[in-house]
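**Q** Going by my numbering, the sequence shown opens with residue 20, and the numbers climb by one from there. All residues carry an ideal CB built from backbone N, CA and C; glycine is no exception.
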Amino acid sequence: MPKKRGNNEGTIYRRPNGLWCAQITLGRDDNGKLKRMTFYGKTRQEVSEKVNKALTSYSAGVLVEPSQITLGNWLNTWLFEYKKGSLRPSTLQSYEYLIRYHISPSLGHYKLKELRPEHLQVMYNTKLNEGLSAKTIKNMHNVINAALKQAVKNNITARNIAEAAILPKQTKKEIRVLTLEEQDKFIKALEGERLKLAFILALSTGLRQGELLALTWDNIDFKEGTLTVKKSIKRVKNFDKNIKKNTVLIFQEPKTSSGLRVVPIPPAVLEELKEHRKGQLQEKLKAGEVYEDNNLIFATELGRPLEHSSLLRAFYRVIKKADIDINFHALRHTYATRLLEMNEHPKVVQEILGHKDITTTLNIYSHVMPEVKKAAALKINHLFENNKNTKSN
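(1) Report yes or no: do the stretch 165 to 185 and the stretch 335 to 352 share at least 3 C-beta pairs separated by less than 8 Å?
(2) Output needed for Tyr129: all residues of its chain with C-beta closer than 7 Å, excluding positions within five of it in sequence on either side, in chain order.
(3) Buried or exposed for Met142, going by 16 or more other Cβ atoms inside 10 Å?
(4) Which first and last residues belong to the beta strand (DSSP E) in which Ile180 is found?
(5) Inspect the beta-carbon positions of Val281 and Thr245 and report whether they are closer than 7 Å.
(6) What would DSSP say about Thr16, mapped onto helix, strand or coil?
(7) Alpha carbon to alpha carbon, what distance is there between Leu126 and Asn257?
(8) Are the Cβ atoms of Leu321 and Ala306 separated by less than 7 Å?
(9) So, for Phe270: in the same chain, excluding its five sequence neighbours on each side, which residues have a beta-carbon less than 7 Å away from its beta-carbon?
(10) Starting from the Cα of Ala217, find the closest Cα among Lys398, Gln64, Leu331, Leu358 and give me that residue.
(11) Just the C-alpha distance for Pro35 and Thr176, rounded to the nearest angstrom, thanks.
(12) Within 8 Å, do at least three Cβ pairs link the stretch 346 to 354 to the stretch 218 to 238?
(13) What residue from Glu201, Lys192, Leu358, Glu115 has the CA that sits closest to Asp344's CA?
(14) DSSP state of Glu28, grouped into three classes?
(15) If we ignore side chains and look at the alpha-carbon of each, how far apart do Lys264 and Pro324 end up?
(16) What did DSSP end up calling Gln42 once you bin it into helix, strand or coil?
(17) In this structure, how does DSSP classify Thr379 when only helix, strand and coil are distinguished?
(18) What distance in whole Å lies between the Cβ atoms of Leu209 and Phe317, which are believed to be in contact at a cut-off of 8 Å?
(19) Can you tell me whether DSSP reads Thr353 as helix, strand or coil?
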């Protein structure tokens, strides 16, 4: 027999599946029909707390009936009230963009109670046909799925309809790697470039753009011949109303703990670093008092953080001079490929690149692995050659 309900709790009872349930009445709608809200929880106390919170909000006039909440409303509430504090600025920007530009225009007007799995499926299929990548669609789905999971916890919707959607298959992108001849042409084309070291370092350490631009001189250990990746730099949309700028340049920690890493620097590149530092000190003396010393390895001539756009302008100037058609990320791919071609263990390559999982490394560089496997077979070939010669004698 269920316990007698407390004041303002509504009817609380235990369902056959073990969950506790409560229902409260919040007046009548325009047609005179009773407006009810239902709450679920693993314990009676949990349900009671949800009921009391809802009644307090209703009394204060700030309770929105679940039946009236649209997907667009809820996605914004979920993003800025539930997730903002735990997301990196770049991830927050990415989620906000997907919601504002892709999800809300397509499905934002639907009330959560009206949303069905086929609505999501049609949107995913349409976006794919319009040219959106399968990876971007997966990111959209991840946002919707996480938001609806929270909505279920909040008793705003009965189920997470995103779980029924089928995502398009992601096709593997062919990566571009410099040949040895192209790599030589690229390095020769760097002569005279102010940011020569940035491209040399990308090609000799596999660092990403943001990681390169966030490097400070105290990240370099000249004695050990290593650099430590601690942060990356990126320009993101500003969500702080106290800052009157549309975008801000931010330093942020890597997405995962594996991104925090120590990377070996080839001795020849260490010498390039020393030369670069001399040049930077000369710029500092020339600029005088207007120089902003942020201790950055790559900075403007006045010491300010270097933007991605500035780095890319220099990069495209170099590849045009070298007559090579690649993107900046090809330098990272080339570095990893060279290591694997020289039979470096994939686990070592994974750690240097900062991949969370070795399968990521193996999947990206699977084109190199057949050659690595052949080389491994040749290493033990002499054992069988010796056996063959023994039999013939």
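**A** By the coordinates alone:
(1) Between the stretch 165 to 185 and the stretch 335 to 352 there are fewer than three inter-stretch CB-CB distances shorter than 8 Å, so the stretches are not counted as touching.
(2) Translated into the one-based positions of the sequence shown, residue 129 becomes position 110. Closer than 7 Å at Cβ, skipping near neighbours: Thr89, Leu90, His138.
(3) In the sequence shown, counting from the first residue as 1, residue 142 sits at position 123. Met142 comes out buried.
(4) Here residue 180 refers to the residue found at position 161 when the sequence shown is read from its first residue. Premise fails: Ile180 is in no beta strand (DSSP E) and is neither H nor E.
(5) Translated into the one-based positions of the sequence shown, residue 281 becomes position 262. Translated into the one-based positions of the sequence shown, residue 245 becomes position 226. In contact: Val281 and Thr245 (Cβ atoms closer than 7 Å).
(6) This structure leaves residue 16 out entirely; the chain is present only between 20 and 412.
(7) Position 238 of the sequence shown, counting from 1, holds the residue named residue 257. Position 107 of the sequence shown, counting from 1, holds the residue named residue 126. Each residue's Cα considered, the two are about 25 Å apart.
(8) Here residue 321 refers to the residue found at position 302 when the sequence shown is read from its first residue. Here residue 306 refers to the residue found at position 287 when the sequence shown is read from its first residue. It is a contact, given that the beta carbons lie within the stated cut-off.
(9) On the sequence shown, residue 270 is found 251 positions in, with the first residue counted as 1. Closer than 7 Å at the Cβ level, and outside the excluded window around Phe270, lie Ala233, Lys250, Ile252.
(10) As a first step, residue 217 is located in the sequence shown; it is residue number 198 there, counting from the start. Closest by C-alpha distance to Ala217, out of Lys398, Gln64, Leu331, Leu358, is Leu331.
(11) As a working mapping, residue 35 is identified with position 16 in the sequence shown. As a working mapping, residue 176 is identified with position 157 in the sequence shown. Between Pro35 and Thr176, the C-alpha separation is close to 20 Å.
(12) yes
(13) For this step, residue 344 is matched to residue 325 along the sequence shown. For the residues Glu201, Lys192, Leu358, Glu115, the minimum Cα distance to Asp344 belongs to Glu201.
(14) The sequence position of residue 28 within the sequence shown is 9, counting from 1. Per-residue confidence for Glu28 stands at a pLDDT of 45, beneath the threshold of 50, marking its modelled position as unreliable; the derived number appears in the next sentence. The answer is coil: DSSP assigns Glu28 none of H, G, I, E or B.
(15) Within the sequence shown, numbered from 1, the residue matching residue 264 stands at position 245. Within the sequence shown, numbered from 1, the residue matching residue 324 stands at position 305. Cα-Cα distance, rounded: 17 Å.
(16) As a position in the sequence shown, residue 42 is number 23, starting the count at 1. Here DSSP, grouped into helix, strand and coil, assigns Gln42 to strand.
(17) Sequence index remark: in the sequence shown, residue 379 carries index 360 (1-based). Looking at Thr379 - three-state DSSP - the assignment turns out to be helix.
(18) Taking the sequence shown and counting its residues from 1, one reaches residue 317 at position 298. Taking the sequence shown and counting its residues from 1, one reaches residue 209 at position 190. So it is not a contact: roughly 14 Å between Cβ atoms.
(19) Residue mapping note: residue 353 aligns to position 334 of the sequence shown, counting from 1. Three-state DSSP puts Thr353 in a helix.
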